[in-house]
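S.K.: Protein chains in written order, with the working numbering: chain G, 44 to 332; chain H, 3 to 253.
1. Residue 231 (chain G) versus chain H: which residues are under 7 Å apart at the beta carbon?
2. Measuring straight from C-alpha to C-alpha, what distance separates residue 97 (chain H) and residue 141 (chain H)?
3. Return the CA-CA distance between residue 215 (chain G) and residue 131 (chain H), expressed in angstroms with no decimal places.
4. Can you grab the Cα-Cα spacing for the pair residue 292 (chain G) / residue 82 (chain G), in whole Å?
5. Kindly indicate which three-state DSSP category residue 204 (chain H) falls into: helix, strand or coil?
6. What does residue 283 (chain G) touch in chain H if you count any residue whose Cβ is under 9 Å from its own?
7. Looking only at C-alpha atoms, which of G:317, G:294, G:319, G:273 sits nearest to residue 93 (chain G)?
8. Is residue 179 (chain H) helix, strand or coil when you go by DSSP?
9. Could you tell me the distance, in whole angstroms, from the CA atom of residue 159 (chain H) to the CA atom of residue 94 (chain H)?
10. In its own chain, which residues sit with a C-beta less than 6 Å from the C-beta of residue 241 (chain H), not counting the 5 before and 5 after it?
11. Who does residue 170 (chain H) pair with in a DSSP beta bridge?
12. Quick check on residue 8 (chain H) - is its C-beta less than 7 Å from some C-beta in chain G?
13. Output, in sequence order along the chain, the residues in the region 188-205 of chain G whose CB is closer than 7 Å to any CB in chain H.
14. Just to check my reading of the structure: residue 255 (chain G) and residue 111 (chain G) have Cβ atoms closer than 8 Å, yes? What is that Cβ distance to the nearest angstrom?
15. Taking all protein chains shown into account, do 16 or more other C-beta atoms lie within 10 angstroms of the C-beta of residue 43 (chain H), making it buried, or fewer, making it exposed?
16. Give, in chain order, every residue of the region 142-167 of chain H whose Cβ lies closer than 9 Å to some Cβ of chain G.
17. Between residue 326 (chain G) and chain H, is any beta-carbon pair separated by less than 7 Å?
18. Counting only beta-carbon separations shorter than 7 Å, does residue 226 (chain G) have a partner in chain H?
19. With a threshold of 6 Å (Cβ to nearest heavy atom), would residue 59 (chain H) be considered close to the ligand ADP?
20. Measure how close the beta-carbons of residue 135 (chain G) and residue 233 (chain G) come, nearest whole angstrom, since I'm counting them as under 8 Å.
21. Assuming residue 102 (chain H) contacts residue 146 (chain H) (C-beta within less than 8 Å), just tell me the rounded distance between them.
22. So which residues on chain H does residue 101 (chain G) lean against when the C-beta distance must stay under 9 Å?
23. Determine, using beta carbons only, whether residue 243 (chain H) comes closer than 7 Å to chain G.
24. For residue 115 (chain H), count neighbouring C-beta atoms within 10 Å of its own C-beta (all shown protein chains included) and say buried if the count is 16 or more, exposed if not.
25. Classify residue 240 (chain H) as helix, strand or coil using the three-state DSSP reduction.
26. Can you tell me whether residue 45 (chain G) is buried or exposed, with buried defined as 16 or more other CB within 10 angstroms of its CB?
27. So which of G:220, G:77, G:194, G:47 has the shortest CA-CA distance to residue 308 (chain G)?
28. Taking 7 Å as the CB-CB limit, is residue 1 (chain H) close to chain G?
29. Taking Cβ positions, are residue 173 (chain H) and residue 135 (chain H) nearer each other than 7 Å?
30. For residue 202 (chain G), count neighbouring C-beta atoms within 10 Å of its own C-beta (all shown protein chains included) and say buried if the count is 16 or more, exposed if not.
31. Can you give me the C-alpha to C-alpha distance between residue 55 (chain G) and residue 63 (chain G), rounded to a whole angstrom?
32. Does any residue of chain H bring its CB to less than 7 Å from the CB of residue 240 (chain G)?
33. Quick one: complete alpha helix (DSSP H) runs, 4+ long, within the region 278-310 of chain G?
34. What does the Cβ neighbour count give for residue 75 (chain H), buried or exposed, with the cut at 16 atoms within 10 Å?
35. Under 8 Å: do the region 300-316 of chain G and the region 131-148 of chain G share three or more Cβ pairs, one atom per stretch?
36. Measure the C-alpha to C-alpha separation of residue 70 (chain G) and residue 125 (chain G) and round it to an integer number of angstroms.
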């Protein structure tokens with residue numbers, strides 16, 4: 044009997060923890076939705092979603108999310124273009140090419156990379172990378188989308204490398220032997236057999252890396268120029284969704300239109316990351332099959 | 003009839019780290035024969051097989067001395083991929099790649115740059131026919147290879163090896179994971195392939211070696227104890243240890 048009771052208690056506790064996560068996410072969503080809806084009572088949803096300017100303290104205020112959305116999009120796409128090829132190549136090198144001793148060193152270095160606080164990267168961006176880019180590319184300011192993209196790519200690399208490397212290493216050894224047995228070279232085996240077999244895991248890693256890039260606030264706020272206008276190119280100052288919330292929340296009067304508008308921006312961010320995680324999850328599930 | 007040796011090993015010694023796996027193996031394998039290699043576990047059979055196409059070197063602790071000749075050519079002079087094209091291997095468990103049936107067979111020709119005069123689909127069809135699998139799969143070439151039965155998968159692996167036109171095919175206990183009917187089909191296939199290929203069969207199943215091979219070598223603890231015509235080796239072995247193994251006193 045006591046055994047059955049302890050089984051029951053443990054089972055219930057596990058069930059409860061699982062439920063708790065679901066409830067928390069759901070509550071978070073409701074909370075964001077409630078405050079966002081307060082905005083849409085006084086400010087039309089269409090003007091928020093498709094408005095082309097973000098002027099929260101002008102009279103009348105304008106809360107168009109498009110410049111912020113484009114800011115996030117530019118920075119994120121830039122970061123993806125940089126970090127995905129580099130990340131996958133590093134993972135391939137660590138998993139298949141590097142000798143064992145080098146592999147261990149590289150893996151711990153990647154972990155150290157993951158633990159650098161983002162504010163430190165932002166600092167490096169302000170004092171070194173931004174000015175360097177300005178000089179090299181002849182820009183009016185180094186605080187622009189590209190600086191953000193580079194630093195965010197750097198931040199996403201550890202996630203991508205770690206997960207992609209795991210996926211590559213867990214490709215059954217038999218695939219490799221079969222390919223070698225047919226006379227495939229190391230590169231042919233890696234490119235045509237191992238990489239395709241690991242593709243679902245690699246894509247999931249990339250998606251999680253992208254999620255990290257979109258959600259990152261500190262670096263984006265420090266180096267992208269804080270300019271909430273529609274950027275004409277990635278070389279111009281811009282502002283991301285996250286940086287807007289972090290930068291303006293302090294000055295917005297609690298309960299004001301501006302305050303609720305920031306929650307609505309949060310909701311947009313929530314929906315974007317939710318979609319990305321959903322896609323990543325779908326790939327992971329396919330990988331397990 | 004003087005048989006022509008296609009594979010010759012001279013004083014072949016192999017180690018994994020400090021462990022000696024093969025000692026002074028001198029062996030000749032003749033063209034178009036099926037050569038059986040029998041012996042208990044850990045006697046070096048698989049290592050011998052994988053020494054022939056250098057797959058052992060995938061393990062970084064592996065070392066080897068002695069010479070191996072393929073025809074007149076020392077295999078040292080051949081690159082890994084050319085050597086493995088000439089000497090194909092079938093593993094114990096069918097190692098199909100996670101792609102379609104067609105692409106499994108087409109993979110080999112593709113990695114070798116596919117220079118033949120035939121089209122790829124002809125190569126695939128010919129290889130599958132030679133492996134006696136064509137009739138069973140011709141309508142489902144685009145299905146994932148993993149959906150085939152174990153015996154079919156093993157014959158698919160044979161087809162895949164045939165598609166790169168090897169001279170020698172190595173079998174590493176090809177039927178250890180198969181049921182008797184699938185085993186019989188694989189054995190049939192081997193008999194059919196004798197015309198054009200030299201085949202070396204490592205097996206734990208002495209009966210299989212008796213059924214399939216023409217000559218046989220008995221390996222024990224890394225030594226080649228005895229070699230001879232299979233019927234002779236099985237009925238009148240010269241060495242006491244061979245006799246003990248074949249009659250089932252140990253193994």
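Glycine residues also receive a C-beta, built at the ideal position from the N, C-alpha and C atoms.
M.R.: Per the coordinate set shown:
1. For the C-beta of residue 231 (chain G), the chain H residues within less than 7 Å are, from N- to C-terminus, 113.
2. 22 Å
3. Approximately 28 Å, taken between the alpha carbons.
4. 15 Å
5. strand
6. Residues of chain H passing the Cβ test: none, with the nearest at roughly 39 Å.
7. G:273
8. coil
9. 11 Å
10. 227, 228
11. Residue 170 (chain H) is bridged by DSSP to H:89, H:200.
12. no
13. Among the residues of the region 188-205 of chain G, none has a Cβ less than 7 Å away from any Cβ of chain H.
14. About 19 Å separates the two Cβ atoms, so there is no contact after all.
15. exposed
16. 159, 162, 163, 165, 166
17. no
18. yes
19. This structure simply doesn't include the ligand ADP, nor any ligand for that matter.
20. 6 Å
21. 6 Å
22. Here the premise fails: no neighbours, minimum Cβ distance about 58 Å.
23. no
24. exposed
25. Look at residue 240 (chain H) here: in three-state DSSP terms it is coil, with no helix or strand label.
26. Residue burial annotation: residue 45 (chain G) is exposed, with fewer than 16 other C-beta atoms found within 10 angstroms of its C-beta.
27. Minimum Cα distance to residue 308 (chain G) is reached at G:77.
28. No answer is possible for residue 1 (chain H): it lies beyond the span of chain H, which begins at 3 and ends at 253.
29. no
30. buried
31. 12 Å
32. yes
33. 284-291
34. exposed
35. no
36. 36 Å
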